[in-house]
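*Asks:* Chains as they are written, first to last, in the UniProt record's numbering: chain A, 1 to 446; chain B, 1 to 446. Got a structure for you, questions after.
Protein chains: 2
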Amino acid sequence: MSSSITRRAASALALAVTLASGSTALAQTAPLSAEDSDPNVMGWMQGFPPPPDRMITQPDSVYFSFPRLRWSFCHLREFLPTEEISRGLGAPIPLDYVAPAEFADLRQQIDAVTFTPQNSDEAMTWEESLFANYTDGMLILHRGQVVYERYFGCLEEDGKHAIMSMTKSFTGLLAEIMVVEGTLDDTALVRDVIPEIGDSAFATATVRQVMDMTTGVKYSEDYSDPNADIWLYSRAASPLPKPEGYDGPDGYWEYLQQVAPEGTHGDTFHYKTINSDMLGWIISRVSGKAVTELASDRLWRPMGVEQAAYQTVDGKGVPFAGGGITAGLRDLGRLGQLMLNEGELNGTRLFPAEVARNIAAGGDRSKFGDGFPTFGAGSYTSQWWVTHNDHGAYAARGVHGQTIYVDPTAEMVLVRLASYPRAQNGFIDPTSLPAYQAVAEFLMAR
Amino acid sequence: MSSSITRRAASALALAVTLASGSTALAQTAPLSAEDSDPNVMGWMQGFPPPPDRMITQPDSVYFSFPRLRWSFCHLREFLPTEEISRGLGAPIPLDYVAPAEFADLRQQIDAVTFTPQNSDEAMTWEESLFANYTDGMLILHRGQVVYERYFGCLEEDGKHAIMSMTKSFTGLLAEIMVVEGTLDDTALVRDVIPEIGDSAFATATVRQVMDMTTGVKYSEDYSDPNADIWLYSRAASPLPKPEGYDGPDGYWEYLQQVAPEGTHGDTFHYKTINSDMLGWIISRVSGKAVTELASDRLWRPMGVEQAAYQTVDGKGVPFAGGGITAGLRDLGRLGQLMLNEGELNGTRLFPAEVARNIAAGGDRSKFGDGFPTFGAGSYTSQWWVTHNDHGAYAARGVHGQTIYVDPTAEMVLVRLASYPRAQNGFIDPTSLPAYQAVAEFLMAR
C-alpha cells in the first residue's frame with residue numbers, strides 16, 4: 001500500500017468521524033490508521049511469550065479496545081467459551097472462481113473503481129475504501145463466481161473473524177425458514193411459545209415483532225454509553241463467574257425475563273439486540289435445538305462450507321444469538337450466495353425460495369424511522385437490513401464494519417469483515433455503501 | 001446392552017476400584033454404572049433451558065465431577081477459552097474401512113472376544129470391557145483399515161472428546177520430529193533454550209530429560225489430593241480472572257519459572273505434567289510457533305483429518321501442552337496409523353521414520369520404576385508410554401481412560417476415548433490392556 005493511500009485513508013476516517021459526530025474534536029484524536037494499527041505491525045501476541053506490552057488478555061475492556069480489537073476479532077475463542085457450528089465431516093464444496101488471469105485483471109480494475117463517499121465531494125477509490133474502513137477481509141462474488149478476494153490484518157483465508165451482529169441475520173434466517181416451513185407461527189405471542197417469559201415486556205409481543213425488532217421493550221444499546229443496558233446485558237451474559245454481590249440476571253434468558261416495556265409493540269423499528277436473543281430462545285424452544293445446531297443442520301452442513309464456525313455462550317451454555325458468531329470469509333460468501341440464489345446452493349435446495357424472497361422484499365418501511373441516516377430509508381425484517389435501493393440490495397450487518405451485502409440486480413454478493421476503531425456503522429457506511437453500488441455497477445458492465 | 005452386561009460391568013468396576021485402592025470401602029460407594037451415568041440417560045443440558053438440576057456450569061469442580069464429566073468431556077470448549085488446531089481448508093482424506101458385511105461380522109466377533117482382567121480369574125468379553133471402562137468411543141484399525149468403531153455417551157462420529165494427557169504425546173511427537181530433523185538439540189540445557197527460566201529447577205535439565213520426564217522437579221500430581229501441586233498449577237493456568245489477593249504465578253510459563261528441585265535430573269522417570277508444558281514452551285520458542293500451530297502444520301493439515309481439534313489456553317493464550325486437546329475419534333485413529341506407518345499416511349511422508357522408531361523403541365527401562373504396576377515394566381519416552389511387551393506396543397495415555405494404542409506386531413491401532421469416574425488409569429488398565437492384547441491376537445489370526 002502506498003503512503004498516499006494511507007494518508008487518504010486516515011483522512012477519510014477523520015472526515016467520517018468528524019461528520020458523524022457533528023464536531024471536529026475527534027479529528028484531533030483520530031485513531032491509528034488501518035495500516036499503522038495492523039495487528040502484525042503492532043506485534044500483538046507475537047513471541048513465546050510476547051513482550052508484556054504486546055500481550056492481549058482479559059478483561060474485554062482490554063481485548064475489545066482499539067487497536068487491540070484488530071487482533072482480538074480473529075481470536076475471540078481464545079478469550080471466551082464457545083460452541084461449535086459444525087460443518088460436518090464431508091469435503092467442502094469449493095467456490096467457483098473466475099480464471100486466474102481474469103481474477104488478476106479484475107483485482108486491478110475493482111481496486112481502481114471510484115465512488116464519492118456520502119457527504120463528500122472528493123472521489124475515493126475502492127482500494128482506498130478498504131483501508132478507510134479497516135477491512136480485514138473482502139470477498140466479492142459475481143454471478144456465482146469469486147471475482148475479488150483480499151485479506152488484511154488479522155485475517156487469512158483459513159482464519160475466522162467475529163461477525164458481530166451479522167449473527168442476528170443467522171438467527172433471523174433460521175426463524176424465517178421455520179415460519180415458511182410452518183413449524184413456527186410468527187403471529188403467536190411470545191408468552192404462548194415461552195410461558196416462563198412471565199411479566200417481561202416480551203410476553204405480549206408477537207414472534208414477528210421480535211423478528212422484525214418492532215417490539216416495545218426498554219433497552220439502550222449506545223455502545224459509547226457505559227451505563228447502557230447493553231453493558232448490563234453483557235454482565236448477565238458473561239460466562240465468567242459473577243462478581244461478589246452480583247444479584248442481576250444470570251444468562252441471556254434470565255435477562256429477557258425481566259425486560260421492562262417501553263413504547264408499544266408493533267409501532268416502530270428499534271434496533272435492540274435483546275430481540276435477537278429472544279428469537280434465539282423461541283426457535284430453540286420450538287425446534288428443540290440450540291441455535292448452533294440449527295445453523296449447522298440447516299446451513300453450515302448442507303452449504304459445504306470450508307470451516308466450522310463458532311458462537312460464544314453465556315454461563316449456562318446458551319449461544320449469543322445476537323452477536324456471538326465467528327466464521328470464515330468464504331463461508332459467509334457461501335451464505336450470501338445462498339440468499340442470492342433464493343435458497344439453492346451447489347444444485348441443492350436448502351430452504352424454500354419464499355424465505356429469501358420475504359427477506360429481500362423487506363419489512364414495513366414506514367416503521368424504519370430515521371435513526372440510520374447513513375443507511376437510508378430502508379427497512380429491517382427477519383434480522384436483515386433491506387436498502388430498498390434501485391438494486392433491491394439487502395444485508396447482514398455487524399458493528400465495526402461487518403457485512404454480507406446481497407445485490408440481486410447486479411447478481412453480486414459482497415462480504416466485508418473489518419475492525420473499524422468505533423462500533424457504529426454510521427461511521428463506516430459513508431465510504432462503504434456508495435463503494436458497493438459502484439462495484440455493483442462496474443460488475444454489471446462486465 | 002443387556003442388563004446382565006450392565007451388572008457385569010458394574011461388578012468389574014467395583015472390583016477394579018477395590019483392588020486398586022487396596023480396600024473394600026469404595027466398593028460400597030461405587031459410582032453409577034456406565035449405562036446409568038450415560039449423559040443422555042442423565043439428561044444433562046437437555047431442554048431450552050435445561051431443568052436447574054440438569055444444568056452443568058462453572059466452576060470445574062462442578063463440570064469436571066462425575067457423573068457430569070461424562071457430558072463435559074465432549075463439551076470442554078463451552079466452559080473454557082480454546083485455540084484451534086486447524087485442519088486447513090482441504091477435503092478430508094477418508095479412512096479406509098473393511099467392506100460393510102465384514103465390518104458387521106467383525107463387530108460381532110470382536111465384541112465376543114474374551115480376556116482375563118488383571119488380578120482376576122473371571123473372563124470378560126470385549127464388549128463388557130467397554131462398559132466397565134465407561135467408553136465413549138472405540139476405534140480399531142487393522143492393517144490400515146477400520147475394523148471396529150462404536151460410540152457411546154456424549155460422543156458421536158462428528159463430535160470431539162477431551163484427550164487429557166494424550167496431549168503430552170502430541171507435544172512429545174512434535175519435539176521428537178524437531179530433534180530428528182535437527183532443529184531442536186535434545187542435549188541442550190533448558191536455560192540455554194529459554195534463558196528466562198531463571199533459577200527454576202528446570203534450568204539445568206536437558207531437553208531430553210524434559211521429553212522423557214526424568215527431570216528432578218518438585219511437583220505432585222495426585223488428583224485425589226486437594227493440596228497437590230496440580231491444583232496450584234491449575235490456578236496459575238486458569239483463564240478465568242484470578243481471585244482477589246491471588247499472588248501466585250499467572251499462566252503455565254510463570255509457574256515453570258519457579259519450580260523447586262526435587263531429586264536429580266536424569267535419575268528416574270517421574271510422571272509430572274509440568275515437563276510437558278516446559279516442552280511446549282521449548283518447542284514454541286525454537287520453532288516460533290504455538291503448539292497448536294505446530295500440531296496443525298506438522299500433523300492435522302497433512303493428515304487430512306475430518307475435524308479441527310482444539311486446545312485449552314491459559315489467561316495469556318498459552319495452550320495447555322500437558323493436557324488441553326480435544327479431538328475427534330477417527331482423527332486420533334489417523335494419528336495412531338501415522339505412528340504405526342512410521343511417519344507416512346495416505347502415501348505422503350510427514351516426518352522421518354526415525355521419529356516413530358525412536359518412540360516405539362522406548363526409553364530407559366531401568367528408570368521407569370514400579371509406579372505403574374498395571375501398565376507393567378515399560379518405559380516413557382518423548383511423552384509416549386512404551387509397553388516393551390511381546391508385540392512392542394506403545395501408547396498415548398490420558399486420565400479417565402483415554403488412549404491411542406499402537407501394536408506394530410498386530411498392525412493394529414486402537415483409540416479409546418472414555419469418561420471413567422476416576423482419573424487414574426490404574427483403575428482402568430486391568431480391564432483394558434489385556435483386552436487390547438486379546439483383540440490384537442484375534443486380528444492377527446484374521
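By construction, the Cβ of each residue, glycine as well, lies at the ideal position given by its N, Cα and C atoms.
Under DSSP, the alpha helix (DSSP H) around B:Thr292 begins and ends at which residues?
*Replies:* From DSSP, the alpha helix (DSSP H) with B:Thr292 extends over Val291 to Ala295.
*Asks:* Evaluate B:Asp225 with the Cβ neighbour count: other Cβ atoms within 10 Å of its Cβ, from every protein chain shown; 16 or more gives buried, anything less gives exposed.
*Replies:* Counting Cβ neighbours within 10 Å, B:Asp225 comes out exposed, since fewer than 16 surround it.
*Asks:* Does A:Ile194 come out as helix, strand or coil in the three-state DSSP assignment?
*Replies:* If DSSP states are grouped into helix, strand and coil, A:Ile194 belongs with coil.
*Asks:* If you pair each beta-carbon of the region 34 to 45 of chain A with each one of the region 153 to 161 of chain A, do three or more pairs fall below 8 Å?
*Replies:* Judged by Cβ distances under 8 Å, the region 34 to 45 of chain A makes contact with the region 153 to 161 of chain A, as three or more pairs qualify.
*Asks:* By DSSP, does A:Ser79 sit in helix, in strand, or in coil?
*Replies:* A quick correction: the sequence has Phe, not Ser, at residue 79 of chain A. It is coil, neither helix nor strand.
*Asks:* If you measure beta-carbon to beta-carbon, which residues of the region 37 to 56 of chain B are closer than 7 Å to chain A?
*Replies:* Cβ contacts with chain A come from Met45, Phe48, Pro49 and Met55.
*Asks:* So, at 8 Å on beta carbons, what are the nonlocal neighbours of A:Thr114 in its own chain, with the 5 sequence-adjacent residues on each side left out?
*Replies:* Contacts found: Ala123, Met124, Thr125, Trp126 and Ala438.
*Asks:* To the nearest angstrom, report how far apart A:Met211 and A:Thr135 are at their CA atoms.
*Replies:* Taking the straight line joining both Cα atoms gives about 29 Å.
*Asks:* May I have the straight-line CA-CA distance separating A:Gly304 from B:Asp247, to the nearest angstrom?
*Replies:* Approximately 49 Å between the Cα atoms of the pair.
*Asks:* So A:Trp384 is in the beta strand (DSSP E); what residue range does that whole segment cover?
*Replies:* Per DSSP, A:Trp384 belongs to the beta strand (DSSP E) from Trp384 to Val386.
*Asks:* Answer yes or no: does any C-beta atom of chain B fall closer than 8 Å to that of A:Val146?
*Replies:* Cβ-Cβ to chain B under 8 Å: no for A:Val146.
*Asks:* Taking the alpha carbon of B:Gln257 as the point to measure from, which residue in B:Phe372, B:Val313 and B:Asn275 has its own alpha carbon closest?
*Replies:* That would be B:Asn275, whose Cα lies nearest to the Cα of B:Gln257.
*Asks:* Which residue from B:Trp281, B:Phe368 and B:Met444 puts its Cα closest to that of B:Arg191?
*Replies:* The option with the nearest alpha carbon to B:Arg191 is B:Trp281.
*Asks:* Alpha carbon to alpha carbon, what distance is there between B:His388 and B:Gly362?
*Replies:* Approximately 8 Å, taken between the alpha carbons.
*Asks:* Grab me the residues of B:Val386's own chain with a C-beta within less than 6 Å of its C-beta, minus the 5 sequence neighbours each way, in chain order.
*Replies:* Contacts found: Gly362, Gly378, Ser379 and Tyr394.
*Asks:* Looking only at C-alpha atoms, which of A:Glu354, A:Tyr436, A:Ser382 and A:Ala327 sits nearest to B:Glu84?
*Replies:* Among A:Glu354, A:Tyr436, A:Ser382 and A:Ala327, the Cα nearest to that of B:Glu84 is on A:Ala327.
*Asks:* If distances are taken between C-alpha atoms only, which option among A:Ala236, A:Tyr271, A:Val286 and A:Gly182 comes closest to A:Pro195?
*Replies:* Selected option, being the one with the closest Cα: A:Val286.
*Asks:* Taking CB distances under 8 Å as the criterion, tell me whether B:Ser65 reaches chain A.
*Replies:* Not an interface residue.
*Asks:* Tell me whether B:Pro434 sits in a helix, a strand or coil according to DSSP, three-state version.
*Replies:* Looking at B:Pro434 - three-state DSSP - the assignment turns out to be helix.
*Asks:* Would B:Ile404 pass as a contact of B:Leu350 if the rule is Cβ separation under 8 Å?
*Replies:* Not closer than 8 Å, so no.
*Asks:* Less than 8 Å between CB atoms is the rule here; does A:Glu127 satisfy it with respect to chain B?
*Replies:* Closer than 8 Å: no.
*Asks:* Please report how far the alpha carbon of B:Pro373 lies from the alpha carbon of B:Ala445, in whole angstroms.
*Replies:* Approximately 29 Å, taken between the alpha carbons.
*Asks:* Secondary structure at B:Met213, three-state DSSP: helix, strand or coil?
*Replies:* It is coil, neither helix nor strand.
*Asks:* So what does B:Ser72 bridge to, in DSSP terms?
*Replies:* Its beta-bridge partners do not exist; DSSP assigns none.
*Asks:* For a quick check, are the C-beta atoms of B:Gln402 and B:Ile230 less than 8 Å apart?
*Replies:* Not a contact, by the Cβ cut-off of 8 Å.
*Asks:* Thinking just about the alpha-carbon of each residue, which of A:Ala308, A:Trp384 and A:Arg87 is nearest to the one in A:Ser165?
*Replies:* With distances taken between Cα atoms, A:Ser165 lies closest to A:Trp384.
*Asks:* Name the DSSP bridge partner or partners of B:Met138?
*Replies:* DSSP, once it has assigned bridges, lists B:Arg150 and B:Arg416 as partnering B:Met138.
*Asks:* Assuming A:Glu181 and A:Pro352 make a contact with CB atoms under 8 Å, what is their CB distance in whole Å?
*Replies:* 7 Å between Cβ atoms; contact.
*Asks:* Under 8 Å, Cβ to Cβ, is there at least one residue of chain A near B:Gln118?
*Replies:* No, because no Cβ of chain A sits closer than 8 Å to the Cβ of B:Gln118.
*Asks:* Give the secondary structure of B:Ala445 by DSSP, where H, G and I count as helix, E and B as strand, and everything else as coil.
*Replies:* Three-state DSSP puts B:Ala445 in coil, outside helix and strand.
*Asks:* Report the option in B:Ile56, B:Ala290 and B:Gly47 whose CA atom is closest to the CA atom of A:Lys316.
*Replies:* Among B:Ile56, B:Ala290 and B:Gly47, the Cα nearest to that of A:Lys316 is on B:Ile56.
*Asks:* Give the single residue among A:Gly216, A:Leu417 and A:Gly426 whose Cα lies nearest to the Cα of A:Glu149.
*Replies:* It is A:Leu417.
*Asks:* Examine chain A for any beta-carbon lying closer than 8 Å to the beta-carbon of B:Ala91, and answer yes or no.
*Replies:* Answer yes: the Cβ-Cβ gap between B:Ala91 and chain A drops below 8 Å somewhere.
*Asks:* Here's the rule: buried if 16 or more other CB atoms are within 10 angstroms of the residue's CB, otherwise exposed. What is B:Arg422?
*Replies:* B:Arg422 is buried by the Cβ-count criterion.
*Asks:* Tell me the residue span of the beta strand (DSSP E) that contains B:Arg365.
*Replies:* Element bounds for B:Arg365: n/a, residue is neither H nor E.
*Asks:* Using a C-beta cutoff of 8 Å, does A:Gly22 count as contacting chain B?
*Replies:* Confidence in A:Gly22 is poor, its pLDDT being 32 and thus under 50, which makes the residue's placement unreliable; the coordinate value appears in the next sentence. For A:Gly22, the answer is no, since every Cβ of chain B falls outside 8 Å of its Cβ.
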